[in-house]
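2 protein chains.
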Amino acid sequence: MGDDTPVRRGRRLPTRGELRDWRVFTETSEALRAELAARLHNETGLSPSDYRVLLALSEAEGERLRSSELADAVGWERSRLSHHLKRMERRGLIRREDCAADSRGAEIVLEKEGATAFHGATVPHLTAVRELFVDALTPEQIAAAGEIARALAAHLDARTP
Amino acid sequence: MGDDTPVRRGRRLPTRGELRDWRVFTETSEALRAELAARLHNETGLSPSDYRVLLALSEAEGERLRSSELADAVGWERSRLSHHLKRMERRGLIRREDCAADSRGAEIVLEKEGATAFHGATVPHLTAVRELFVDALTPEQIAAAGEIARALAAHLDARTP
DNA sequence: TCCTCCTCATTGACATGTCAATCATATGAT
DNA sequence: ATCATATGATTGACATGTCAATGAGGAGGA
Chain A
1 MGDDTPVRRG RRLPTRGELR DWRVFTETSE ALRAELAARL HNETGLSPSD
51 YRVLLALSEA EGERLRSSEL ADAVGWERSR LSHHLKRMER RGLIRREDCA
101 ADSRGAEIVL EKEGATAFHG ATVPHLTAVR ELFVDALTPE QIAAAGEIAR
151 ALAAHLDART P
Chain B
1 MGDDTPVRRG RRLPTRGELR DWRVFTETSE ALRAELAARL HNETGLSPSD
51 YRVLLALSEA EGERLRSSEL ADAVGWERSR LSHHLKRMER RGLIRREDCA
101 ADSRGAEIVL EKEGATAFHG ATVPHLTAVR ELFVDALTPE QIAAAGEIAR
151 ALAAHLDART P
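Just so you know, the protein sequences line up as chains A and B, in that order. To convert, note that position 47 of the first sequence is 47 in full-length UniProt numbering; the numbers rise steadily by one, no gaps. To convert, note that position 114 of the second sequence is 114 in full-length UniProt numbering; the numbers rise steadily by one, no gaps.
In structure tokens, the structure reads:
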């Protein structure tokens with residue numbers, strides 16, 4: 001049975017070849033994510049989620065953001081962010097303050113310890129990205145990976161309002 | 001500053017362009033994973049992890065596998081598998097049996113309810129793969145995605161013994 | 001004003017994942 | 001036979017993620 005054989009007939013399901021490409025794609029991105037997370041955590045004590053939050057806060061005006069702006073910046077649901085901030089606050093990386101403009105709101109402020117941890121993690125993180133991603137591919141493949149991801153993201157956004 | 005400008009000079013860190021491609025690549029594969037997981041769970045009550053385990057057992061001789069063989073088949077650490085099997089056993093999808101050949105070992109057996117759930121999930125799962133992955137890309141992009149993933153996986157395997 | 005509706009953010013319950021430690025059994029050397 | 005060691009699998013502690021429910025405050029119309 002060739003690569004263009006549908007897994008089931010007459011229902012527009014993926015062919016075997018498409019399924020093989022899908023499987024290696026997801027399994028590899030998952031393995032890559034796990035490896036990068038393990039390295040970052042070993043070398044810096046930060047998780048990728050910590051890193052993202054600290055990056056967004058570092059780049060913000062006054063190193064502070066409204067909780068909802070931060071959620072947009074990192075692309076997470078509110079509840080996920082809320083849980084994560086609780087853990088980061090417990091570790092002294094960030095601090096919550098009441099918002100003057102809207103008493104419902106919260107402002108998330110980068111603590112000194114958080115800034116230090118972030119700066120110490122930047123080079124290890126970028127080095128890992130180079131070793132695990134950039135060094136593995138040709139420049140053309142890197143660009144193609146970006147294009148493919150953009151196409152997938154556009155398609156995904158179109159069908160998840 | 002152009003796309004070939006190193007983020008930091010003289011240490012072989014990724015360029016801004018490489019970093020952009022990396023970021024869209026990981027963020028998109030993560031979003032895709034989450035969307036597929038949510039759909040599968042809504043439509044079938046199974047998580048992607050459940051599905052993988054049930055698939056491996058369905059394809060095995062006698063619909064049973066040694067725990068370690070199952071771990072290899074799905075590519076997980078033992079402890080992760082053990083935790084997951086505990087949850088699946090609680091739901092009646094699989095069953096553990098003592099192993100005749102090696103009294104340390106365990107055999108994992110597909111339960112009737114697990115087989116039923118798996119068969120009911122196959123078409124929804126494949127449909128979601130088509131909608132979210134296959135339909136988003138050209139045939140050339142699908143093949144390229146597979147090639148890129150294989151290159152990443154080979155590189156990753158080479159440096160994680 | 002008061003009432004309704006919307007938004008901001010948090011919480012609790014639970015599913016999932018990682019790591020290190022543990023326990024029991026097999027295996028091989030003496 | 002005995003002992004040291006390796007292997008198969010599980011467990012506990014904890015980090016992370018999702019969903020649904022909640023509380024608490026703003027915003028606008030009757």
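Beta carbons are placed, not taken as given, at the ideal position from N, Cα and C, and that holds for glycine. Only a predicted model underlies this, so the values are computations on that prediction, with no experimental measurement involved.
| Check | Outcome |
| --- | --- |
| Residues of chain A with CB closer than 7 Å to the CB of B/PRO14, please, in chain order. | LEU126, VAL129, ARG130, VAL134 |
| Alpha carbon to alpha carbon, how far is B/THR127 from A/LEU156? Give it in angstroms, no decimals. | 14 Å |
| Which two residues bound the contiguous beta strand (DSSP E) that contains B/GLU107? | 106–110 |
| Run down chain A in chain order and give the residues with a C-beta less than 7 Å from the C-beta of B/ALA144. | ALA144, ILE148 |
| Grab me the residues of A/GLY10's own chain with a C-beta within less than 8 Å of its C-beta, minus the 5 sequence neighbours each way, in chain order. | With a pLDDT of only 47 at A/GLY10, under the threshold of 50, the placement of this residue in the model should not be trusted; the figure read from the coordinates follows. The answer is none, since no qualifying residue turns up. |
| Step through the CB atoms of chain B and report whether any lies within less than 8 Å of the CB of A/ASP21. | yes |
| Expressed to the nearest angstrom, what Euclidean distance is found between the alpha-carbon atoms of B/GLU131 and B/GLU147? | 21 Å |
| Three or more C-beta pairs under 8 Å: does that hold for the region 92–100 of chain A against the region 135–149 of chain A? | no |
| For the alpha helix (DSSP H) that contains A/ASP72, what are its first and last residues? | 67–74 |
| On the premise that B/GLY105 lies in contact with B/THR79, defined as a C-beta separation below 8 Å, what is that separation, rounded to the nearest angstrom? | Per the sequence shown, residue 79 of chain B should be read as Ser rather than Thr. 16 Å between Cβ atoms; not a contact. |
| Helix, strand or coil: which one does DSSP assign to B/LEU13? | coil |
| Run down chain A in chain order and give the residues with a C-beta less than 8 Å from the C-beta of residue 162 of chain B. | Within the shown structure, residues of chain B are numbered from 1 to 161, placing residue 162 of chain B beyond reach of any answer. |
| Mind checking if A/GLU43 is an interface residue toward chain B, Cβ cutoff 8 Å exclusive? | no |
| Would you say residue 165 of chain A reaches chain B, if we count a Cβ-Cβ gap shorter than 8 Å as a contact? | Residue 165 of chain A is absent from the model: chain A starts at 1 and stops at 161. |
| By the DSSP assignment, the beta strand (DSSP E) with A/GLU97 in it spans what residues? | 94–98 |
| I need the DSSP call for A/ARG64, collapsed to helix, strand or coil. | strand |
| Give the secondary structure of B/LEU137 by DSSP, where H, G and I count as helix, E and B as strand, and everything else as coil. | coil |
| Apart from the five residues on each side of it in sequence, which residues of its chain come closer than 8 Å, Cβ to Cβ, to A/PRO48? | ARG33, LEU36, ALA37, LEU40 |
| Taking 8 Å as the CB-CB cut-off, is B/ARG33 touching chain A? | yes |
| Shorter than 8 Å from the beta carbon of A/SER49 to some beta carbon of chain B? | no |
| Can you tell me which of B/TRP22, B/LEU54, B/LEU65, B/ASP135 puts its alpha carbon nearest to the alpha carbon of B/GLY120? | B/LEU54 |
| At a Cβ cut of 8 Å, what residues of the region 95–109 of chain B count as close to chain A, listed as they run along the chain? | none |
| I'd like the list of long-range same chain contacts for A/GLU107, defined as Cβ closer than 8 Å, with 5 residues on each side in sequence excluded. | ARG64, LEU65, ARG66, SER67, ARG96, GLU97, ASP98, CYS99 |
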